[in-house]
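K.L.:
Sharing a structure, written as structure tokens. Questions coming.
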Amino acid sequence: IAIDGVDMTGVSPEDARQKVLGPHGTDVVLMIFREGTAAPFDVTITRAKIITPLLTYEMRPDGIAYIRLNTFGDTADQELKDAINELLAQNPKGLILDLRFNGGGYLEQGISVASEFLPRDKVVVYEKFGDGTLKSYESIGGGTALDIPMVVLINEGSASASEIVAGALQDYGRAKLIGTQSYGKGSVQSFIMLQDDQGAVGVTVALWLTPNERSIDKLGLSPDILVNITQADYDANLDPQLDAAAQTLLAIINGSPLPTSMPSPTPTATPVHAP
11 IAIDGVDMTG VSPEDARQKV LGPHGTDVVL MIFREGTAAP FDVTITRAKI
61 ITPLLTYEMR PDGIAYIRLN TFGDTADQEL KDAINELLAQ NPKGLILDLR
111 FNGGGYLEQG ISVASEFLPR DKVVVYEKFG DGTLKSYESI GGGTALDIPM
161 VVLINEGSAS ASEIVAGALQ DYGRAKLIGT QSYGKGSVQS FIMLQDDQGA
211 VGVTVALWLT PNERSIDKLG LSPDILVNIT QADYDANLDP QLDAAAQTLL
261 AIINGSPLPT SMPSPTPTAT PVHAP
């Protein structure tokens with residue numbers, strides 16, 4: 011409710027966030043009011059540089075390669091390529107690409123990431139303008155994982171560039187989507203500066219469409235196999251979506267029928283990979 015003694019009543023979340031930011035090694039005092047406490051209390055936090063890895067990866071005990079891409083930052087494509095090369099050297103049966111809680115990032119990184127799994131010159135996404143004009147962005151070639159069986163995990167936190175990649179892989183039949191409906195961030199904005207530094211106006215100028223011209227905005231992507239995670243799953247450190255991804259991938263490899271949804275797992279299921 012206060013930052014360094016300044017009352018935050020009526021202050022926007024972004025303005026408050028900016029007041030918390032500061033040089034590495036300096037302190038900021040947060041006054042916090044928490045339900046169940048008798049009065050507000052102060053917490054002193056020493057600022058530090060926080061680095062979130064763009065991706066994590068591992069070879070699972072079942073022989074499946076797993077890559078979790080957290081954001082489409084400016085080195086996502088190279089980090090992904092390096093991870094794929096290291097995993098492919100271990101001869102995995104298949105690949106799980108986890109885009110859950112990935113809110114997006116740079117469009118060009120989305121194109122590059124999709125290009126790791128698609129042949130050259132495949133439309134990855136269209137921009138559709140108000141007059142109906144379509145501008146296409148194609149895969150750039152040089153992909154290192156064009157043939158390995160794969161599935162993609164999505165959820166309500168998968169947005170923007172995540173939906174571009176997942177939508178393209180789904181449209182081409184390159185990967186099944188598993189999880190829950192994605193967020194639905196598929197609009198392109200242009201910011202127009204106002205005179206005399208009086209701010210700016212954000213105007214939506216185009217919408218993103220998948221290669222099959224499905225609109226992403228406000229709709230999101232529907233998973234091929236719907237799998238929810240309940241609070242009980244979180245509390246038990248279970249990840250039914252990841253388990254379903256592995257089961258689906260093995261079914262694809264073995265040529266077995268695929269379900270349209272999967273029940274919650276037994277207590278022996280794979281632990282949750284927290285975002």
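In this note's numbering, the protein residues as written are 11 to 285.
C-beta: ideal position from N, C-alpha, C; glycine also.
Predicted model only: the values in this text are computed from it and were never measured.
Going by the beta-carbon positions, is the gap between SER170 and LEU231 smaller than 9 Å?
P.N.:
Taking the first residue of the sequence shown as 1, we reach residue 170 at position 160. Taking the first residue of the sequence shown as 1, we reach residue 231 at position 221. No, the pair does not count as a contact, with Cβ atoms beyond the cut-off.
K.L.:
In whole angstroms, what separates the C-alpha of ARG224 from that of ALA12?
P.N.:
Counting from one through the sequence shown, the residue named residue 224 turns up at place 214. Counting from one through the sequence shown, the residue named residue 12 turns up at place 2. Taking the straight line from one Cα to the other gives about 46 Å.
K.L.:
Among PRO267, ALA254, ALA216, which has the Cα closest to the Cα of GLY142?
P.N.:
Sequence index remark: in the sequence shown, residue 142 carries index 132 (1-based). It is ALA216 whose Cα lies nearest to the Cα of GLY142.
K.L.:
Do VAL134 and ALA185 count as a contact pair if the criterion is CB distance below 9 Å?
P.N.:
Residue mapping note: residue 185 aligns to position 175 of the sequence shown, counting from 1. Residue mapping note: residue 134 aligns to position 124 of the sequence shown, counting from 1. The answer is no: Cβ separation not under 9 Å.
K.L.:
In the DSSP assignment, find the unbroken beta strand (DSSP E) run with ARG78 in it and report its ends.
P.N.:
For the purposes of this step, residue 78 is identified with residue 68 of the sequence shown, where counting begins at 1. Residues 74-79.
K.L.:
Between the Cα of ALA58 and those of TYR76, VAL38, ALA75, spot the shortest distance and give me the residue it belongs to.
P.N.:
The residue you call residue 58 lines up with position 48 of the sequence shown. Nearest of TYR76, VAL38, ALA75 to ALA58, Cα basis: VAL38.
K.L.:
Determine the DSSP secondary structure at ALA246, reduced to helix, strand or coil.
P.N.:
Here residue 246 refers to the residue found at position 236 of the sequence shown. The answer is coil: DSSP assigns ALA246 none of H, G, I, E or B.
K.L.:
Where do the ends of the beta strand (DSSP E) carrying ALA210 lie?
P.N.:
Walking along the sequence shown from the start, residue 210 turns up at place 200. Segment 210-219, the beta strand (DSSP E) holding ALA210.
K.L.:
Beta-carbon within less than 8 Å of VAL123's beta-carbon, same chain only, minus the 5 sequence neighbours each way: which residues are those?
P.N.:
Stepping through the sequence shown from its first residue, residue 123 is reached at position 113. The residues are LEU79, PHE82, ALA86, ASP87, LEU90, ALA171, VAL175.
K.L.:
Can you name, in chain order, every residue of its own chain whose Cβ lies under 8 Å from the Cβ of THR19, other than the five neighbours on each side?
P.N.:
To locate residue 19, count along the sequence shown from 1; it is residue 9. Counting only Cβ-Cβ distances below 8 Å, and skipping sequence neighbours, we find ILE11.
K.L.:
How many Å lie between GLU137 and TYR116 at the Cα?
P.N.:
Counting from one through the sequence shown, the residue named residue 137 turns up at place 127. Counting from one through the sequence shown, the residue named residue 116 turns up at place 106. Going from the Cα of GLU137 to the Cα of TYR116 covers about 15 Å.
K.L.:
Does the Cβ of PHE201 have 16 or more other Cβ atoms within 10 Å, making it buried, or fewer, making it exposed?
P.N.:
Within the sequence shown, residue 201 is the residue found at index 191, counting from 1. Flag for PHE201 reads exposed.
K.L.:
Three-state secondary structure (DSSP) at GLY177?
P.N.:
Counting from one through the sequence shown, the residue named residue 177 turns up at place 167. Of the three classes helix, strand and coil, the one that applies to GLY177 here is helix, per DSSP.
K.L.:
What would DSSP say about LYS91, mapped onto helix, strand or coil?
P.N.:
What you label residue 91 is simply residue 81 of the sequence shown in a count that begins at 1. Looking at LYS91 - three-state DSSP - the assignment turns out to be helix.
K.L.:
So, with DSSP's three-state summary, where would you put VAL30?
P.N.:
On the sequence shown, position 20 is the one that residue 30 refers to. Here VAL30 sits in helix by DSSP.
K.L.:
Which residues share a DSSP beta bridge with TYR147?
P.N.:
As a position in the sequence shown, residue 147 is number 137, starting the count at 1. For TYR147, which the question treats as bridged, DSSP gives the partners VAL135.
K.L.:
Determine, using beta carbons only, whether LYS103 and ILE226 come nearer to each other than 9 Å.
P.N.:
By 1-based counting over the sequence shown, the position of residue 103 is 93. By 1-based counting over the sequence shown, the position of residue 226 is 216. No, the Cβ-Cβ distance between LYS103 and ILE226 is not below 9 Å.
K.L.:
On a Cα-Cα basis, can you pick out the residue from VAL30, ALA26, TYR67, SER197 that is closest to THR54?
P.N.:
Against the sequence shown, residue 54 aligns to sequence position 44. Comparing Cα-Cα distances from THR54 to each of VAL30, ALA26, TYR67, SER197, the minimum goes to VAL30.
K.L.:
Tell me where the beta strand (DSSP E) around GLY120 begins and ends.
P.N.:
Counting from 1 along the sequence shown, the entry for residue 120 is found at position 110. Per DSSP, GLY120 belongs to no beta strand (DSSP E); it is in the alpha helix (DSSP H), 117-125.
K.L.:
With a 10 Å radius around its C-beta and 16 neighbouring C-beta atoms as the bar for buried, classify GLY15 as buried or exposed.
P.N.:
The residue given as residue 15 occupies position 5 in the sequence shown. Answer is exposed; the Cβ neighbour count stays below 16.
K.L.:
Which of the three DSSP states, helix, strand or coil, is assigned to ALA254?
P.N.:
The residue given as residue 254 occupies position 244 in the sequence shown. Note: ALA254 maps to helix in three-state DSSP.
K.L.:
How would you write the range of the beta strand (DSSP E) that ILE164 sits in, first residue to last?
P.N.:
Here residue 164 corresponds to residue number 154 of the sequence shown, with the count starting at 1. 160-164 is the span of the beta strand (DSSP E), which, as asked, contains ILE164.
K.L.:
In the DSSP assignment, find the beta strand (DSSP E) that holds GLN199 and state where it starts and stops.
P.N.:
Here the question's residue 199 lines up with position 189 in the sequence shown. Unbroken beta strand (DSSP E) run through GLN199: 197-203.
K.L.:
Figure out for me which residue from THR62, LEU97, THR47, ALA26 has the closest Cα to the Cα of GLY69.
P.N.:
Taking the first residue of the sequence shown as 1, we reach residue 69 at position 59. It is worth fixing the name first, because residue 69 is Met in this sequence and not Gly. Nearest option by C-alpha distance: LEU97.
K.L.:
Pull up the CB-CB distance for PRO50 and ILE60, whole angstroms please, since I reckon it's below 8 Å.
P.N.:
The sequence position of residue 50 within the sequence shown is 40, counting from 1. The sequence position of residue 60 within the sequence shown is 50, counting from 1. About 26 Å separates the two Cβ atoms, so there is no contact after all.
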